[in-house]
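So the structure is just underneath, and the comments pick up after that.
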Amino acid sequence: MVKIVDILNKSGFDGLSKRVAGYLYRRTIRRFLPTVAEVKYSGVRISRERKLGDGKLPGFLIPYPLEDIEGYEQTLISALRSQIRPGDKVTIVGGGEGVTAVVAAKAAGDTGAVVCFEGSSWGVHKIKTTASRNGVSKRLRVEHAVVGEAIHVYGGADGSSVRIVSPAKLPECDILELDCEGAEITILRNMTIRPRAIAVETHGVYGAPTRMVKEVLEGLDYAVQECGAAEPRALEDCEANDIRVLVGKRISLG
11 MVKIVDILNK SGFDGLSKRV AGYLYRRTIR RFLPTVAEVK YSGVRISRER KLGDGKLPGF
71 LIPYPLEDIE GYEQTLISAL RSQIRPGDKV TIVGGGEGVT AVVAAKAAGD TGAVVCFEGS
131 SWGVHKIKTT ASRNGVSKRL RVEHAVVGEA IHVYGGADGS SVRIVSPAKL PECDILELDC
191 EGAEITILRN MTIRPRAIAV ETHGVYGAPT RMVKEVLEGL DYAVQECGAA EPRALEDCEA
251 NDIRVLVGKR ISLG
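Whatever position you read off the sequence shown (first residue = 1), add 10 for the working numbering.
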C-alpha cells in the first residue's frame, strides 16, 4: 500500500496505471511468448531475455532495457579475472545482475566457491537466474542480506525485513569484491577478514570516494592499484560521480 501511494505521489494515476499494466503483461501474456534472443552483459547471459514482439510495444510494458551490453562492469571483471585462482573462495557484496558473481564462479572453477550478499529480493532472484543460465549455480550461493548498512540498494532493501550482516561476520575468503553503492568504507573499516586481494568499486557520489577507500585499504596493509573508471563505456558519468575500481593486494603475503 505504501508503494502504491508513493507511485501516485510521484507519477499520478496515469503513472500508476502504466506500472500496473506493465506488471500484469509481464506476469501473464509475456511469459508464454517465445524467446527470440538472450540478453548478455559482457558475454554473460543475464536474467532478461527478448520475447517475440518486444520491439513493437510501448516502453511502459517492458520498462527495463533488453539490449546486450559489451563492457558492462568491464574494469571490475578484469580485476577479478586477474586475481582469482582455481579453488579460491570469493565473497561478493552487492550482486547487481549477477555478472561479476558468474565471472568469479567460473574463474574459481569446480573446486572454488562464491557467496554473494544482495539486499534486494528482486536482485537475489536475478542473480540466481543468471547463475543458472551460466551453469554455475552449484558453486554460487546467494545470501539475501545487506552487509553493514543499506545506503543505495538497487531495487530497494525490502524495508525493515532485510537481514543486516555485520562486516565482522563476513566469511573467510581469498578474494573480496565490494560493489555496494557507498557501504564500502563502513565494511572495510569494520571487517575482520584479510583476503589475499580486495576489488572495490568506489562510489564518491554515495560517500565512498576513491581517495578515502584507497587510504583505508592501505591502512589495512594492502598495496593498492588504481584500475581506472568502473565502466569506460560510461566514462563521463564515472568521472563525474567518482566511480572507479581499486584492487588491494595484501602486503604480508608478498
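Virtual Cβ for every residue (Gly too), placed ideally from N, Cα, C.
| Asked | Found |
| --- | --- |
| Whose CA, out of Leu230, Ala209, Asn144 and Ile185, lies closest to the CA of arginine 84? | The displayed chain sequence assigns glutamine, not arginine, to residue 84. Closest by alpha carbon: Ala209. |
| Find the nearest neighbour of leucine 180 within the set Phe127, Leu230, Val223 and Gly145, judged by alpha-carbon distance. | Phe127 |
| Beta strand (DSSP E) containing glycine 133: first to last residue? | Note, glycine 133: premise wrong, no beta strand (DSSP E); alpha helix (DSSP H) at 131-143. |
| Would you call the region 105-123 and the region 196-205 touching, i.e. three or more CB-CB distances under 8 Å? | no |
| Is it true that the CB of alanine 233 sits closer than 7 Å to the CB of lysine 259? | yes |
| Assign valine 175 to one of three DSSP states: helix, strand, or coil. | strand |
| Identify every run of the beta strand (DSSP E) within the region 171-244, keeping only runs that are complete inside it and at least 3 residues long; order them along the chain. | 173-175, 185-188, 207-211 and 232-239 |
| Suppose the cutoff is 8 Å on Cβ atoms and the five residues either side in sequence are ignored; what does the same chain contact list for glutamate 194 look like? | Leu188, Val210, Glu211, Thr212, His213, Ala218 and Val223 |
| Run the CB neighbour count on glycine 129, radius 10 Å, all protein chains shown included, and call it buried at 16 or more, exposed below. | buried |
| Ignore the nearest five residues each way along the sequence and tell me which others in valine 146's own chain have a CB closer than 7 Å to its CB. | Val112, Ala115 and Lys116 |
| Just verifying my parser: in three-state terms, what is the DSSP assignment at leucine 150? | strand |
| In angstroms with no decimal places, state the Cα-to-Cα distance between leucine 90 and lysine 20. | 39 Å |
| Tell me which same chain residues have a C-beta within less than 6 Å of the C-beta of valine 103, skipping the five on either side of it? | Phe127, Val157, Leu188 and Cys190 |
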